[in-house]
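Visitor: If you're matching positions, the sequence shown starts at 1 in the working numbering and goes up one per residue.
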Amino acid sequence: MTNQNLFAALRAAFPADLEQVAFETDNGLLYTWNDVERATAMMANLLKSLDLPDGARIAVQVEKSVEAAMLYLATLRAGYVFLPLNTAYQSAEIEYFIGNAEPSVVVCSSKNFGWVGKIAFKAGTQNVFTLDDDRTGSLLQRASHCSHQHETAPRRADDLAAILYTSGTTGRSKGAMLSHGNMLSNAQVLKDYWGWVPGDVLIHALPIFHVHGLFVALHGALINGSKMLWFSKFDARAVVQKMPQATVFMGVPTLYVRLLAEPSLDQNAVRNMRLFVAGSAPLLIETFNEWQQRTGHTILERYGMSETAMLTSNPYKPEQGGERRGGTVGFALPGVDLRVRGDDGSAMPTGEIGGIQVKGPNVFKGYWRMPEKTREEFTSDGYFKTGDVGKIDDSGYITIVGRSKDLIISGGYNVYPAEIEGYINDMPGVAESALVGVPHPDFGEAGVAVVVAKPGVAPEPGQILAALKSKLANFKIPKQCYVVAELPRNTMGKVQKNLLRDQYKGLFSPAAVSDAVK
Ligand code: MLC
Ligand code: AMP
């Protein structure tokens with residue numbers, strides 16, 4: 001039987017001439033395909049030399065670099081399980097992930113070694129390495145002594161390849177378990193659907209600890225043997241400058257908003273571009289239209305999630321069923337079975353709103369060590385309940401109209417109100433709180449905390465925010481905080497977040513912001 005390790009398929013797509021450039025970084029470094037082949041072999045050999053148990057997790061919280069991408073590929077290659085962690089996570093967050101996943105190896109930035117190492121050793125991890133974005137750290141030092149030849153570990157399609165932490169309606173984060181087969185099937189479908197061709201060059205400007213940057217973008221380029229223009233951090237002006245050398249760009253809506261604010265973005269800058277893909281959060285129709293007017297290109301919006309990788313896409317070409325339609329996420333991808341159901345599980349007629357449920361080779365294996373949660377999120381006939389609410393029109397276009405899960409998506413990052421409210425409610429002087437998402441011109445949605453004080457105390461909004469900053473990843477910090485007398489409730493006593501969202505919806509509108517500056 002052929003090796004179904006995802007790395008084997010990606011490796012098979014490398015160009016015949018391994019001396020071609022695979023990665024060109026924003027600080028001018030070039031890495032050939034041969035560099036990728038050898039460095040991933042050396043790192044895979046290092047992991048193998050550690051005598052790790054089968055299915056060992058390799059947890060990684062490092063700044064974006066080509067070496068960090070290679071570490072991901074090396075983990076696949078050696079047959080272990082990759083666990084990427086957002087660089088913004090602080091100690092309580094990291095403690096939870098490491099405690100829950102029990103990784104055999106933890107890789108962190110050298111500046112964080114003190115606290116991350118301590119958490120890891122305390123949790124029983126035996127191997128802690130450092131990796132920095134300037135090609136230094138103990139991981140590379142140790143790998144440099146290893147052979148640059150490695151035979152890709154045999155894996156079946158169903159074997160675990162990565163765990164991505166995500167959260168649902170309530171409770172702590174859950175690790176979504178993705179297999180080699182989940183990711184390979186999705187990468188192959190997208191390669192065909194988006195018409196990748198020889199010579200395509202991808203601008204990679206997303207973080208590599210979530211599905212969009214790590215899987216959709218990286219796998220997309222690798223499985224086409226395509227060069228990447230690699231940005232360690234998104235910078236609108238630098239991206240526009242590089243655009244004439246590229247053909248494909250992928251971004252969350254905030255990246256498109258920031259690119260549109262860049263005066264040098266014009267039709268000349270995009271003259272060689274073939275495809276602009278957006279996703280991870282709703283793309284405003286204004287952004288879609290403005291992009292079309294300014295560049296002459298129509299953004300292709302697609303929809304996916306950590307548990308499923310990509311689910312739907314607008315058509316790349318009209319033969320796939322029509323034009324790219326703003327405000328929709330297009331059609332279910334080939335092989336993805338998508339349906340809309342009512343609260344009672346009944347099928348919704350065309351055009352009616354309901355919960356989006358999916359099935360397919362891309363759908364994850366379940367939540368790490370949470371069989372109960374896994375069962376709850378699947379229907380009895382095997383469909384995964386996405387928590388997104390939408391409808392399908394009579395031409396098959398899918399529109400997402402909201403979420404049944406209490407989730408704020410800010411600049412493409414997920415913020416779970418229950419987590420933030422838990423921290424606020426534990427603060428002295430706080431009786432209760434609610435976090436709601438409101439429209440934000442840059443991040444799409446931003447969190448606003450509404451707090452009720454205990455009788456006789458007056459907590460300061462500034463202090464509440466400062467206390468949160470010391471504990472949580474920066475993107476989770478509410479952009480505003482208000483202390484109020486009470487929260488609106490319905491007759492059942494449930495907080496009416498829709499009323500709060502309505503009350504604060506204009507907070508970040510350009511008019512409100514300019515009033516505040518006056
Ligand atoms: C940064 N900040 C954010 C934020 N990013 N606040 C809310 N939401 C965010 N996303 C904070 C910073 O901490 C800082 O606060 C202030 O905002 C300004 O920071 P900045 O310098 O402007 O931010 P920057 O570093 O440029 O980051 C913005 C960004 C980044 C848009 C480039 O957020 C980003 O890369 N987003 C992409 C996320 C992504 O890849 N999502 C894919 C998920 S996969 P302060 O107070 O410290 O000054 C998925 C599935 C699918 O969803 O379908 O793809
Ligand atoms: P994550 O858990 O980070 O994988 O986020 C997945 C969620 O992002 C989905 O469940 C959707 O709510 C949202 N999402 C992804 N793509 C889109 C899109 N194109 N439009 C609207 N929401 C999206």
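Positions of the beta carbon are idealized from the N, C-alpha and C atoms, including for glycine.
What would DSSP say about V189, mapped onto helix, strand or coil?
Guide: helix
Visitor: Unbroken beta strand (DSSP E) runs of length 3 or more, entirely within the segment 430 to 480: which are they?
Guide: 430 to 440 and 444 to 453
Visitor: Which runs of the beta strand (DSSP E) at least 3 residues long sit entirely within the segment 123 to 167? Give them in chain order.
Guide: 127 to 130 and 160 to 166
Visitor: Mind checking whether the beta-carbon of L206 lies closer than 7 Å to any heavy atom of ligand 1?
Guide: yes
Visitor: Counting beta carbon pairs with one atom in the segment 489 to 507 and one in the segment 421 to 429, are three or more of them shorter than 8 Å?
Guide: no
Visitor: Give the DSSP-derived three-state secondary structure of Q61 in the structure shown.
Guide: In the structure shown, Q61 sits in a strand (DSSP, three-state: E or B).
Visitor: Just checking A446 against ligand 1 - is the residue's beta carbon closer than 7 Å to any of the ligand's heavy atoms?
Guide: yes
Visitor: I'd like to confirm something about D388: is its beta-carbon nearer than 7 Å to some heavy atom of ligand 2, or not?
Guide: It does: the Cβ of D388 is within 7 Å (strictly closer) of some heavy atom of ligand 2.
Visitor: Below 7 Å CB to CB, which residues in the same chain sit around C481 once its five sequence neighbours on both sides are set aside?
Guide: A449, V451, P461, I464 and L465
Visitor: Taking only beta-carbon positions, decide if L300 is within less than 8 Å of chain C.
Guide: Chain labels in this structure do not include chain C; a single protein chain is all it has.
Visitor: For Q61, is the classification buried or exposed, using 16 other Cβ atoms within 10 angstroms of its Cβ as the cut-off for buried?
Guide: buried
Visitor: If you drop the 5 nearest sequence neighbours on each side, which residues of the same chain put their C-beta closer than 6 Å to that of F276?
Guide: F249, H297 and I299
Visitor: Measuring CB to CB, does L85 end up less than 8 Å from A59?
Guide: It is a contact, given that the beta carbons lie within the stated cut-off.
Visitor: Among M70, V457 and G437, which residue has its Cα nearest to the Cα of G506?
Guide: G437
Visitor: Quick check on the DSSP output: the alpha helix (DSSP H) that includes F364 runs from which residue to which?
Guide: Unbroken run through F364: none, as it is neither H nor E.
Visitor: Are the segment 276 to 296 and the segment 341 to 348 touching by the rule of at least three beta carbon pairs closer than 8 Å?
Guide: no
Visitor: Apply the 10 Å Cβ neighbour rule to P282 and answer buried if 16 or more other Cβ atoms are within range, or exposed otherwise.
Guide: buried
Visitor: According to DSSP, K174 sits in a beta bridge with which residue or residues?
Guide: T166
Visitor: Looking at the structure shown, is S49 part of a helix, part of a strand, or coil, going by DSSP?
Guide: helix
Visitor: Under a three-way DSSP split, which group does R325 fall into?
Guide: In the three-state reduction of the DSSP assignment, R325 falls in the coil class.
Visitor: As an exercise, report each continuous beta strand (DSSP E) stretch of at least 3 residues that is fully enclosed by the segment 480 to 512, in chain order.
Guide: 480 to 484
Visitor: Going by CA-CA distance only, name the one from L472, D381 and R501 that's closest to Q90.
Guide: Cα-wise, what sits closest to Q90 is L472.
Visitor: Measuring alpha carbon to alpha carbon, tell me which residue in M243, D200 and L214 is nearest G225.
Guide: D200
Visitor: Closest by CA to M243, which one among D266, I398, K365 and R57?
Guide: Check the Cα spacing between M243 and each of D266, I398, K365 and R57: the tightest is with D266.
Visitor: Three-state secondary structure (DSSP) at K385?
Guide: strand
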